[in-house]
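J.:
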Amino acid sequence: MRQYLHHNDFGCISRCPSGCCLHLYFGNVALCLKTDELTEWRHVTARLYQQHAPLLPDTTSRCITLPGPVEYQAFVFTLEEVFLLHDLLMSAGLLLEAELILAGGLVE
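In terms of the numbering used here, the sequence shown opens at residue 12 and continues consecutively.
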């Protein structure tokens, strides 16, 4: 059984039973991420939001792109969707860091 780490109106993020990876579901897309890839995705989505938030006249326009895992593929978002994706990633990351601290591990 998967352990759900966080969910919102846009999707959810869960950990697979073996703990080897995270399953990220957002919109109509599902990705499998290694735990160490979570930090990179957190930074990318934060940068996307910071870059586009002050410039977009229409925050409901689907005009923010994030390169996909293969060439010639991109994910397209509204500003709100980028925010909700970042929320999923940040919340899951914070929960994983808290677990590590409670288990006596170190967090960088």
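C-beta atoms are modelled at their ideal positions from N, C-alpha and C, and glycine is treated no differently.
Assign Ser-29 to one of three DSSP states: helix, strand, or coil.
T.: Counted from its first residue, the sequence shown places residue 29 at position 18. It is coil, neither helix nor strand.
J.: Which parts of the segment 46-81 are runs of the beta strand (DSSP E), unbroken and 3 residues or longer, counting only runs that do not cross its ends?
T.: If we require 3 residues or more, the beta strand (DSSP E) runs fully inside the segment 46-81 come out as 75-78.
J.: Leaving out five residues before and five after Leu-99 in sequence, what residues of the same chain have Cβ atoms less than 8 Å from its Cβ?
T.: The sequence position of residue 99 within the sequence shown is 88, counting from 1. Excluding positions up to five away in sequence, the list reads His-17, His-18, Asn-19, Phe-21, Gly-22, Cys-23, Ile-24, Leu-35 and Phe-37.
J.: Excluding the 5 residues preceding and the 5 following Thr-71 in the sequence, name in chain order all residues of the same chain whose CB lies nearer than 6 Å to its CB.
T.: Stepping through the sequence shown from its first residue, residue 71 is reached at position 60. Counting only Cβ-Cβ distances below 6 Å, and skipping sequence neighbours, we find Thr-89.
J.: Could you give the distance in angstroms between the alpha-carbon of Pro-28 and the alpha-carbon of Glu-110?
T.: By one-based count along the sequence shown, residue 28 stands at place 17. By one-based count along the sequence shown, residue 110 stands at place 99. Their backbone Cα atoms lie some 16 Å apart in a straight line.
J.: State yes or no: is the C-beta of Thr-76 within less than 8 Å of the C-beta of Ala-64?
T.: Counting from one through the sequence shown, the residue named residue 76 turns up at place 65. Counting from one through the sequence shown, the residue named residue 64 turns up at place 53. Contact: no.
J.: Can you give me the Cβ contacts of Cys-43 inside the same chain, cut-off strictly under 7 Å, excluding the 5 residues immediately before and after it?
T.: Your numbering for residue 43 matches position 32 in the sequence shown. Excluding positions up to five away in sequence, the list reads Cys-32 and His-34.
J.: Alpha carbon to alpha carbon, what distance is there between Leu-107 and Asp-47?
T.: Taking the first residue of the sequence shown as position 1, residue 47 is located at position 36. Taking the first residue of the sequence shown as position 1, residue 107 is located at position 96. Computed Cα separation, rounded: 11 Å.
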